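No gaps in the numbering here: position 69 of the sequence shown is 76 in my numbering, and each next residue is one more.
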Amino acid sequence: MAGVLRCKKLSAFATLPARGSAGAAGYDLSAAHDCVVPARGKALCKTDIALAIPASHYGRVAPRSGLAWKHFIDVGAGVIDEDYRGNVGVILFNHGDGDFIVKCGDRIAQLVLERISTPDVVLVDSLDETDRAACGFGSTGGFASKRALDENAAPVQPAPPAVSGA
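Spelled out as structure tokens, the structure:
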């Protein structure tokens, strides 16, 4: 048995998280209230559920692919700690040009339970060397092979604004 995810409904409008299929990684999260996500804006949609995330796990609130592809809706800042017991809210970002209407009961995100490791933090004088070292931000592929990236390289400066003649 995989364990249980204990859920509490905080209102009659809450919908328990549910997987869409036996092989689904995430549990659908549904809005408990109508909500408008303004064009190019954001909104906090409450689910009216509280959860007891299993020990050594956290809940990652992830986007639903259909909302992202069809309506430009994304999810932000979605971590539910195992000791959080409040109303689960979903931050929705609308990257589209029109308002996005959420109705009570609409599936707005998915909850993915992920196992975590939380080792003690230890201050050290040095770290072991690796081939990658401090190279980051695209250094392992893409443009890195065309342009030598260096941690001291100056950032690319944006072009100055165009001046319109009168």
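Cβ atoms here follow ideal geometry from the backbone N, Cα and C, with glycine treated the same way.
Since this is a predicted model, take the numbers as computed values, not measurements.
What is the DSSP secondary structure of S124, reduced to helix, strand or coil? coil
On the DSSP letters alone, give me the boundaries of the beta strand (DSSP E) that H64 sits inside. 64 to 69
For the segment 36 to 51 against the segment 126 to 137, are there 3 or more C-beta pairs whose distance is under 8 angstroms? no
Where does K110 sit, in a helix, a strand or coil, going by DSSP? Taken through DSSP and simplified to helix, strand or coil, K110 comes out as coil.
Beta-carbon proximity check, S63 vs R122, cutoff 8 angstroms: yes
Measuring CA to CA, which of V68, L99, I108 is closest to D81? L99
Would you tell me roughly how many angstroms separate the C-alpha atoms of S28 and A69, rounded to the nearest one? 17 angstroms
Could you tell me the boundaries of the beta strand (DSSP E) in which G105 lies? For G105, there is no enclosing beta strand (DSSP E), since its DSSP letter is neither H nor E.
Could you give the first and the last residue of the continuous beta strand (DSSP E) run that contains L36? 34 to 37
Which same chain residues, not among the five before or five after Y65, have their C-beta less than 8 angstroms away from its C-beta? V86, I87, D88, E89, L120, E121, I123
Going by the CB atoms, is the gap between V97 and L36 shorter than 8 angstroms? yes
Quick one: grab the DSSP three-state call for G96. strand
Mapping DSSP to helix, strand and coil, what is A140? coil
Alpha carbon to alpha carbon, how far is P61 from Y91? Give it in angstroms, no decimals. 11 angstroms
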